[in-house]
Structure formats: C-alpha cells, structure tokens
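Undergrad: Dropping a structure here in structure tokens format, bear with me for questions.
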Amino acid sequence: MSTQVMAMPSLAPGRDIDAYLHTISAFPVLTAEQEKALAERFYYEQDLDAARELVLCHLRFVAHLARSYQGYGLSQADLIQEGNVGLMKAVKRFDPNVGVRLVSFAVHWIKAEMHEFILRNWRIVKVATTKAQRKLFFNLRSNKKRLSWLNQEETKAIADDLGVPEAEVTRMEGRMAAIDMAFDADDSDDESPSAPVHFLAAPASDPADLVAQDQYEADSSERLSAAFTVLDERSRDIVERRWLTDDKATLHELAEEYGVSAERIRQLEKNAMKKLKKAIAA
C-alpha cells in the first residue's frame with residue numbers, strides 16, 4: 115500500500131478549516147474491537163477499504179495534534195495535511211498483534227511529519243539539522259513561558275531536563291529569535307541599507323593594499339614625468355596626443371600638421387616609446 119492509494123482529496127483541508135473539521139467529526143470513534151478487526155483485515159488481507167476506514171476514523175486526532183503547533187505561524191491546513199501523511203504511514207506499518215491502539219502507535223509518525231514540515235518552513239535557513247537540535251528546538255518552544263529571553267536559571271533547568279549543555283540552549287534560543295532576511299534584499303525604500311550583502315567587505319578594502327596601490331600609482335606617475343624629459347618637443351607632443359588625451363590624434367592628422375608622412379610619425383612614435391620604457395625602467 116502507498117499513501118497515494120489511500121489519499122482522499124475530497125477530505126484534504128483547504129481554506130475552510132471549520133468545514134473540514136465538521137466533516138471529519140462525522141466519522142465514528144472506533145472501539146478497540148472494531149479497530150483490531152479493521153487492522154487485521156489490512157494486515158493479513160491487504161484490504162485497502164479497511165485501511166481507508168482506519169485513516170478516516172483517526173483524522174480528528176491529527177487535527178487535534180495540529181492545534182498544538184499553532185504558535186509557529188504556519189498554515190493549520192498544511193500542518194493537518196502533513197499529519198495526515200504521517201497517519202497513513204502509521205496505518206501502513208501498524209501491527210495489530212502488538213497489543214497497542216493505533217493512536218498510540220501513530221502519534222510518532224504524525225508528529226514526525228509535522229515536525230519536518232515546521233523545520234522546513236519556519237525559517238529560510240533550517241534552525242535544527244541534527245536529531246539533538248530538533249529535540250531541543252521543539253522542547254525549547256514548549257518550555258519557554260514568556261516572550262523575553264530565558265534567564266540563567268531557566269536555561270539551566272531546560273538544559274538539565276533535556277540533557278544538553280547550557281550553551282546549546284542559548285545558541286538555539288538565538289537561532290529561534292533571529293529574523294529571516296534576504297541576502298541581497300532591495301533596500302531602495304530605506305534610509306540606510308540593511309541587507310547582509312551591504313555589510314560585506316569590498317574586494318579591495320584591505321588598507322595595506324590600498325596604500326600600496328596609491329604608492330605604486332604615484333611612483334609610476336613620477337617615473338613617467340621624468341621619462342618625458344628625455345624626449346624632444348615633437349616626440350613628446352606626438353606621444354601625448356596619441357596616448358594621453360581623450361581626443362586622440364590620428365597618424366594622418368599629425369603628419370599633416372608636421373608636414374611629414376604618416377609613416378614618419380609612426381617611426382617617431384615608436385622611437386619615443388622605446389626611450390620612455392628605457393627611462394622608466396632605469
């Protein structure tokens with residue numbers, strides 16, 4: 115049997131939770147004998163109708179458990195739906211020969227699905243990943259008696275009760291109190307940016323690198339200025355107008371101005387650049 119086979123779309127909780135609760139309340143509460151008979155039919159004969167009836171008659175229990183997780187700010191319908199998946203998994207694995215009621219067996223499966231849904235959706239980043247952290251998360255939520263931070267005595271009491279270090283309780287409390295924020299959220303409407311991306315160090319923000327870069331540029335500028343003194347006036351003018359101005363002159367423009375060929379200007383430029391490189395490297 116699969117949960118897909120047992121799925122009941124018409125009974126899936128939607129926007130009208132009250133109507134859903136009213137519908138599932140119409141299913142009878144099974145006696146121990148009725149429950150055992152249905153469980154045996156499914157366990158031994160793979161009777162899907164029996165399994166379906168077991169699920170339907172326990173939907174009210176799932177809804178009851180879902181109400182205990184209302185404080186997480188998640189949709190009640192989604193919690194019930196996840197719990198229903200857990201109930202179907204429990205029915206699939208229920209052995210009527212063990213001697214316990216289905217409710218006692220199913221509560222683990224129902225809560226497990228609800229817990230997984232809460233941890234996936236309560237924060238953008240998971241607050242608990244290990245089994246110990248998951249246990250601490252849900253127990254801490256139920257043990258906190260007020261909205262303010264735990265004092266030292268309360269932290270110690272919870273740590274002793276759960277068998278974890280006090281520091282772990284404090285860390286989990288901090289994770290639970292954190293606010294989700296997009297890494298590169300649009301802060302255009304705010305007077306000052308708050309997204310984490312705005313607080314990252316710039317790639318070239320190291321003061322030592324900035325000073326070294328400034329010194330290198332100053333030294334290069336001084337060397338270039340000194341190198342220009344080795345050029346004659348015409349060569350210096352050609353290099354400046356060909357390389358150091360925004361409105362760069364062409365070879366033909368300079369050739370016309372100096373009354374020589376464009377090839378001669380190119381030769382003068384080439385010789386001047388060689389002299390500059392030699393003077394800068396000296």
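Numbering-wise, the sequence shown is residues 115 to 396 according to the numbering used here.
We treat Cβ as the ideally placed atom computed from N, Cα and C, and that holds for glycine.
For Lys391, is the classification buried or exposed, using 16 other Cβ atoms within 10 angstroms of its Cβ as the cut-off for buried?
TA: exposed
Undergrad: Less than 7 angstroms between the C-beta atoms of Asn379 and Leu358, yes or no?
TA: Inspection of the sequence shows that residue 379 is occupied by Ile rather than by Asn. In this structure, Leu358 does not lie closer than 7 angstroms to Ile379 by Cβ.
Undergrad: Report buried or exposed for Asn198, applying the criterion of at least 16 other Cβ atoms within 10 angstroms of its Cβ.
TA: buried
Undergrad: In three-state DSSP terms, what is Pro142?
TA: coil
Undergrad: Helix, strand or coil for Asn235, going by three-state DSSP, please let me know.
TA: helix
Undergrad: With Ser334 as the anchor, note down where its alpha helix (DSSP H) starts and where it stops.
TA: 321–342
Undergrad: What is the DSSP secondary structure of Asn198, reduced to helix, strand or coil?
TA: helix
Undergrad: Can you have a look at Arg166 and say buried or exposed, based on whether 16 or more other CB atoms are within 10 angstroms of its CB?
TA: buried
Undergrad: Should Tyr183 go down as buried or exposed, given a rule of 16 or more other Cβ atoms within 10 Å for buried?
TA: buried
Undergrad: Under the assumption that Ile138 contacts Ala191 (Cβ atoms under 8 angstroms), give the Cβ distance between them as a whole number of angstroms.
TA: Actually they are not in contact, since the Cβ atoms of Ile138 and Ala191 sit about 13 angstroms apart, beyond 8 angstroms.
Undergrad: From the DSSP output, in three-state form, read off Asp274 for me.
TA: helix
Undergrad: Take Val217 and list the residues in its own chain whose beta-carbon comes closer than 8 angstroms to its own, dropping the five residues that flank it on each side.
TA: His172, Phe175
Undergrad: What is the rounded straight-line gap between the Cα of Ala386 and the Cα of Leu324?
TA: 32 angstroms
Undergrad: For Asp130, name the three-state secondary structure that DSSP assigns.
TA: Note: Asp130 maps to coil in three-state DSSP.
Undergrad: How many Å lie between Leu201 and Tyr157 at the Cα?
TA: 16 angstroms
Undergrad: Using beta-carbon positions only, say whether Ala164 and Leu152 come within less than 7 angstroms of one another.
TA: A contact, by the Cβ cut-off of 7 angstroms.
Undergrad: Can you give me the start and stop residues for the alpha helix (DSSP H) that Val353 sits inside?
TA: 347–357
Undergrad: Output the boundary residues of the alpha helix (DSSP H) element that contains Tyr372.
TA: 365–372
Undergrad: Please classify Pro127 as buried or exposed, where buried requires at least 16 neighbouring CB atoms within 10 angstroms.
TA: buried
Undergrad: Nearest-angstrom Cα distance between Val353 and Gln329?
TA: 25 angstroms
Undergrad: When the Cα of Glu154 is compared with those of Asn235, Lys388, Arg207, which residue comes out closest?
TA: Arg207
Undergrad: Between Val241 and Phe219, what straight-line distance do the alpha-carbon atoms span, to the nearest angstrom?
TA: Legend: pLDDT at Val241 = 48, less than 50; position of this residue unreliable, no value from coordinates given.
Undergrad: Is Leu162 closer than 7 angstroms to Asn235 when the C-beta atoms are compared?
TA: no
Undergrad: Within 10 angstroms of the Cβ of His178, are there 16 or more other Cβ atoms? Answer buried if so, exposed if not.
TA: exposed
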